[in-house]
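Let me begin by presenting the structure, written as structure tokens, before commenting on it.
In my numbering, the protein residues as written are 28 to 181.
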């Protein structure tokens, strides 16, 4: 009878030592925004490029009124001190009229070198490039919006 009790206690202790999986979450601290601008000439493809440091470069067809802002995201629930890989989907931004903008080359800052802290959390920026169609069609005034997917894996 003593052997059964000892084995049962060992099994019970082992059962409580299994770590529970945490639910991973992603929080948008600041949305990715390309600001307010006008397209002066859509005769060729033009780009608005966000830089790692938060600044931007715009081709001459873009007349920037309010500057772009990097997106900021925090992930939680990952194992402590773990490198993470972040990937994105390219997408188009739709707005009034028949024209769209292409959202391309989405990436993280630091440049996909993200590691969770001791709590299993990490914060990173998202930047990318916005491209006009270059079709010669005039863009209508108004807000262009779209969604992109962020995939975070450890």
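Note that the Cβ used here is the ideal one computed from N, Cα and C, for glycine as well.
For clarity, every value in this text was computed on a predicted model and none was experimentally measured.
In the displayed model, residue 156 falls within a strand according to three-state DSSP. Counting the other CB atoms within 10 Å of its CB gives residue 95 a total of 16 or more, which places it among the buried residues. Going by DSSP, residue 99 is part of the beta strand (DSSP E) stretching over 98 to 103. In this structure, 148 is the residue among 174, 148, 137 and 78 with its C-alpha nearest to the C-alpha of residue 54. CA-to-CA, the gap between residue 143 and residue 136 works out to about 14 Å. Around the beta carbon of residue 88, 16 or more other beta carbons lie within 10 angstroms, which makes this residue buried. Rounded to whole angstroms, the gap between the alpha carbons of residue 105 and residue 141 is 12 Å. Distances from the alpha-carbon of residue 62 to those of 108, 176 and 157 put 157 closest.
The beta-bridge partner set that DSSP reports for residue 120 consists of 128.
Straight across, the Cα-Cα distance linking residue 127 with residue 133 is about 17 Å. Taking residue 164 as the centre and dropping the five residues before and after it, the same chain places the C-beta of 69, 125 and 126 closer than 7 Å to its C-beta, in chain order. In terms of Cβ geometry, residue 64 and residue 91 form a close pair [threshold 9 Å].
In summary, residue 155 is buried, with 16 or more beta-carbon neighbours lying within 10 Å of its beta-carbon over all protein chains present. Setting aside the 5 residues that flank it on each side, residue 71 is surrounded in the same chain by 161, each with a C-beta closer than 6 Å to its C-beta; the list follows chain order.
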